[in-house]
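Presented below is the structure to which this report refers.
Take a look at the structure:
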């Protein structure tokens with residue numbers, strides 16, 4: 001299922017992409033180097049990540065961290081900050097939208113609307 005991405009989310013992803021590009025350049029690697037090392041096939045995917053057009057496959061985070069010479073925990077924190085801001089806020093108590101001066105994406109859950117309703121069962 002494809003979901004429409006709002007402007008704030010797009011901006012956060014683009015900022016993560018810029019961070020990736022900066023780290024790649026600091027590591028002295030090209031987009032082709034990264035694509036070859038991770039077996040992406042084409043460097044265009046790396047370009048799309050750096051522009052925030054595509055999302056980084058989470059299963060590739062450790063290899064990206066290694067290639068960019070970034071501590072894996074720091075890499076994961078940056079990823080969560082820019083790409084999973086609600087998870088980041090839940091873990092660290094800081095709202096990336098507010099810190100980046102962006103309108104908050106999505107609607108916070110209204111606990112009053114959930115009161116008295118049974119939890120949804122999942123298969």
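In full-length UniProt numbering, the protein residues as written are 1 to 123. Note that beta-carbon positions come from the ideal geometry of N, C-alpha and C, so glycine has one too.
Using DSSP with H/G/I as helix, E/B as strand and the rest coil, what is residue i?
i: residue 95; result: coil
i: residue 69; result: coil
i: residue 27; result: coil
i: residue 57; result: coil
i: residue 102; result: coil
i: residue 7; result: helix
Among the options, which residue has its Cα nearest to the Cα of residue i?
i: residue 6; options: 64, 79, 52 and 45; result: 52
i: residue 29; options: 56, 90, 69 and 100; result: 69
Ordered along the chain, which non-local residues of its own chain (more than five positions away) have a Cβ less than 8 Å from that of residue i?
i: residue 60; result: 38
Go through its chain and collect everything with a Cβ distance to residue i's Cβ below 7 Å, but skip five positions before and after it.
i: residue 75; result: 61, 64 and 65
i: residue 31; result: 43, 46 and 47
Does the separation of the CB atoms of residue i and residue j fall below 8 Å?
i: residue 82; j: residue 24; result: no
i: residue 130; j: residue 102; result: Within the shown structure, residues of the chain are numbered from 1 to 123, placing residue 130 beyond reach of any answer.
In the DSSP assignment, the alpha helix (DSSP H) including residue i goes from what residue to what residue?
i: residue 48; result: 44 to 51
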